[in-house]
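See below for the structure under consideration.
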Amino acid sequence: MFDKSKGTKKVTRRTVLQRGAGVAAASAFAAAVSHPPAAAAPRPRADALPTAVAGVRIPDSGLAREAAAFARGASTETLFNHVMRTYLFGCLMFDQQGVRYDRELVFVASVLHDLGLVEAYRTPNERFEVDGADAAQRFLREQRMSADRVAVVWDAIALHTTAGIAARKRPEIAMIAVGSGMDFSGNGLQKLPSDALDDVLTAFPRKGFKQEAIDTIVSLCRTKPMGELMHPFAEVGRRHIADFSVPTVEDLLLAAPFED
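Here you go:
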């Protein structure tokens, strides 16, 4: 308000209060700018992997994270847990023996080794191991992995159900066969400490792995039967599929066009 008789601006109680509020707001803003609140600690991602399980370190390189994310996105939870147990079991067995190996290479081969069971990566006629090896190879080339390391992963995946051959190869190849075989059939589990086994199964529970594996094998036998020719999976097909058409080894031998 302006007092004309004195030529001065009349200050009222309301004006003082308004000015005080403005000063307080300005002070609060200045304090907030100069002393911002502490940022909340980042929450761990729900799909983040543990740093270690049963004393086995899980690699955290960019390539390892990309491979794990790719495998998780392509797989069911049950299948992803299987490939993680494959890595852990393989490492536990070879660590007991004091074997030196490339941990990142073993991890990448482990998490990618069953891509051939995923419908998106199945071809009409190839064995699932070859389909998986080819899918892993394409992914790793996109990640600019060196050709010699990609070749090791390809061999590890293609040979992982042929343990007798894989065992004669370098550790990074043999470990995938050993780890996946332990999780599939339990072969060799007695060699692991019970607490280590408990840790692995707690971190990556089986969640009905046996039944899912049988269902997947039957699906392969139905959709690409000749891909199971002379493959162990053919025995599952013969048990579950009426008139399963894939010949046995004996059938192939007797049908050979020779006069004996």
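Residue numbers for the sequence shown follow the numbering used here, beginning at -11 and rising by one.
Ideal placement from N, C-alpha and C gives every residue a C-beta, glycine not left out.
Here Arg45 carries a strand assignment [DSSP, helix/strand/coil]. Inter-segment contact for the segment 148 to 155 and the segment 52 to 65 is absent: fewer than three beta-carbon pairs are separated by less than 8 Å. Per DSSP, reduced to three states, the secondary structure at Ala155 is coil, with no helix or strand assignment. For Gly225, the uninterrupted alpha helix (DSSP H) segment begins and ends at Phe221 to His228. When the alpha-carbon of Phe58 is set against those of Gly174, Phe127 and Thr190, the nearest one is in Phe127.
Excluding residues up to 5 positions away in sequence, Leu103, Gly104, Tyr109, Arg110 and Thr111 lie with their Cβ nearer than 8 Å to the Cβ of Asp119 in the same chain. Beyond the five residues adjoining it in sequence on each side, Asn69 comes within less than 8 Å, by CB distance, of Phe192, Pro193, Arg194, Lys195 and Phe197 in the same chain, given in chain order. In the structure shown, Ala40 adopts extended strand secondary structure according to DSSP, grouped into three states. Ranked by Cα distance from Arg73, the options Ala165, Arg132, Gln199 and Ser49 are led by Ala165. Taking the Cα positions, Asn175 is about 11 Å away from Phe77. Ile161 and Asp231 have their alpha carbons spaced roughly 37 Å apart.
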